[in-house]
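Notes to accompany the following structure.
Below, the structure written as structure tokens:
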């Protein structure tokens with residue numbers, strides 16, 4: 005299917021040569037590749053992987069694993085949170101537990117005493133002393149030291165905004181519990197509130213990325229055809245008169261006939277494909 009449909013691209017290749025950036029033509033080929041996977045009944049994992057590979061290629065991958073056209077931003081809603089839990093054993097007045105955790109791309113960290121230790125067990129208060137926050141920004145390490153020095157009851161927390169989106173952060177806290185609780189009955193957590201990736205609208209391939217994101221959520225043949233037609237119209241305005249979606253459907257029909265074991269069907273397929281080629285040439 006992909007090879008047959010690509011005949012259409014070959015016929016209009018001279019128009020593509022006039023484009024400032026031919027990567028959109030490559031993106032169109034990627035859409036055909038994804039459509040081919042759908043036609044062949046590939047699993048959702050294979051289809052999603054193909055879409056992600058195409059997306060990452062359009063984002064301008066850099067040697068360090070980041071992307072030229074991706075920004076890290078604070079989410080408008082609830083952020084992703086990396087949690088590190090610790091069951092406190094030290095008794096307040098006799099010592100403290102040193103609890104450490106780390107995560108990437110945080111914009112804030114929090115010390116949390118959750119309401120429950122598990123699904124059926126309630127939590128108990130924890131005493132928290134100093135909080136040391138080390139984070140890296142643009143290759144430079146910075147350190148902040150905060151003091152809580154208080155008991156935190158279950159369901160309470162203290163949050164520290166970093167004032168930026170750090171490359172990564174490591175947090176160390178001092179924690180203890182009361183002698184009145186049996187060991188293992190107090191849980192304290194370190195939370196990292198993380199930034200999220202956002203595609204840069206200034207990316208020349210931004211519209212193509214949006215197209216791929218739409219088909220990622222619904223990779224049905226109809227959605228794919230609509231996105232392919234939209235990209236074709238943007239790249240090659242003259243294709244509007246070619247009724248591109250109709251030609252794609254006609255090419256699919258030709259492929260089915262060509263795969264038939266019956267010579268009569270094969271002849272019909274060849275005839276249909278010739279009609280498609282002739283119509284594009286007009």
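Residue numbers (the numbering used here): 5 to 286. The C-beta atom is built at its ideal place from N, Cα and C for all residues, glycine as well.
*Where do the ends of the alpha helix (DSSP H) carrying residue 215 lie?*
One-based indexing of the chain shown puts residue 215 at position 211. Here the alpha helix (DSSP H) through residue 215 covers 210-221.
_Can you tell me which residues form a DSSP beta bridge with residue 288?_
This structure cannot speak to residue 288, because the chain is shown only from 5 to 286.
_Neighbour-count burial assignment, residue 49, 16 or more Cβ in a 10 Å radius_ = Within the chain shown, residue 49 is the residue found at index 45, counting from 1. Residue 49 should be labelled exposed.
*Please confirm whether residue 165 and residue 112 have their CB atoms less than 8 Å apart.*
In the chain shown, counting from the first residue as 1, residue 165 sits at position 161. In the chain shown, counting from the first residue as 1, residue 112 sits at position 108. Cβ distance < 8 Å, so residue 165 and residue 112 count as in contact.
*By a C-beta neighbour count over all protein chains shown, 10 Å radius and 16 as the cutoff for buried, is residue 282 buried or exposed?*
Mapped onto the chain shown, residue 282 falls at position 278. Exposed, because fewer than 16 other Cβ atoms sit within 10 Å of the Cβ of residue 282.
*Give me the Cβ distance between residue 132 and residue 154, rounded to the nearest whole Å; I'm assuming they're in contact under 8 Å.*
The residue given as residue 132 occupies position 128 in the chain shown. The residue given as residue 154 occupies position 150 in the chain shown. Confirmed, Cβ separation roughly 7 Å.
*asked:* On the criterion of 16 or more Cβ atoms from any shown chain inside 10 Å, does residue 209 qualify as buried, or is it exposed?
replied: If you number the chain shown from 1, residue 209 lands on position 205. Buried.
*Please name the residue, chosen from 87, 175 and 56, that lies closest to residue 102 on a Cα-to-Cα basis.*
On the chain shown, position 98 is the one that residue 102 refers to. Nearest C-alpha to residue 102: 175.
*Give every residue of the same chain whose Cβ lies closer than 7 Å to the Cβ of residue 77, excluding the five residues on either side of it in the sequence, and list them in chain order.*
Taking the chain shown and counting its residues from 1, one reaches residue 77 at position 73. Within the same chain, residue 77 has close Cβ partners 199, 200 and 202.
*asked:* Please tell me whether residue 181 and residue 128 are closer than 8 Å, where the distance is taken between their beta carbons.
replied: Looking up residue 181 in the chain shown gives position 177. Looking up residue 128 in the chain shown gives position 124. Their beta carbons are under 8 Å apart, which means residue 181 touches residue 128 by this criterion.
*Report buried or exposed for residue 14, applying the criterion of at least 16 other Cβ atoms within 10 angstroms of its Cβ.*
By one-based count along the chain shown, residue 14 stands at place 10. For residue 14, the predicted model reports a pLDDT of 48, less than 50, meaning its position is unreliable; a value from the coordinates is still stated below. Classification of residue 14: exposed, given that the 10 Å Cβ count is below 16.
_Selection from 80, 156, 186 and 167 that minimises the alpha carbon distance to residue 146_ = Sequence index remark: in the chain shown, residue 146 carries index 142 (1-based). Of the candidates 80, 156, 186 and 167, the residue whose Cα lies closest to the Cα of residue 146 is 167.
_the segment 118-127 in contact with the segment 136-146 per 3-pair CB rule at 8 Å_ = Not touching, per the Cβ criterion.
_8 Å Cβ cutoff met for residue 159 and residue 119_ = As a working mapping, residue 159 is identified with position 155 in the chain shown. As a working mapping, residue 119 is identified with position 115 in the chain shown. For residue 159 and residue 119, yes; Cβs fall inside 8 Å.
*Closest by CA to residue 156, which one among 227, 178 and 239?*
In the chain shown, the residue the question calls residue 156 occupies position 152. Nearest of 227, 178 and 239 to residue 156, Cα basis: 178.
*Where does the unbroken beta strand (DSSP E) through residue 137 begin, and where does it stop?*
Numbered from 1 along the chain shown, position 133 holds the residue referred to as residue 137. 130-141 is the extent of the beta strand (DSSP E) around residue 137.
_Distance CB(residue 161)-CB(residue 95) smaller than 8 Å_ = In the chain shown, the residue the question calls residue 161 occupies position 157. In the chain shown, the residue the question calls residue 95 occupies position 91. No, they are not a contact pair.
_Helix, strand or coil, according to DSSP, for residue 121 in the structure here?_
Translated into the one-based positions of the chain shown, residue 121 becomes position 117. Three-state DSSP puts residue 121 in coil, outside helix and strand.
*Option in 193, 194, 225 and 238 with minimal Cα separation from residue 45*: As a first step, residue 45 must be located in the chain shown, where it is residue number 41. That would be 225, whose Cα lies nearest to the Cα of residue 45.
*Looking at the structure shown, is residue 92 part of a helix, part of a strand, or coil, going by DSSP?*
The residue labelled residue 92 in the question sits at position 88 within the chain shown. It is coil, neither helix nor strand.
*Could you tell me the distance, in whole angstroms, from the CA atom of residue 238 to the CA atom of residue 134?*
On the chain shown, residue 238 is found 234 positions in, with the first residue counted as 1. On the chain shown, residue 134 is found 130 positions in, with the first residue counted as 1. Answer to the nearest angstrom: the Cα atoms are 58 Å apart.
*Could you check how far apart the C-beta atoms of residue 255 and residue 227 are, in whole angstroms? I think they sit under 8 Å.*
Mapped onto the chain shown, residue 255 falls at position 251. Mapped onto the chain shown, residue 227 falls at position 223. Incorrect: roughly 18 Å between the Cβ atoms, too far for contact.
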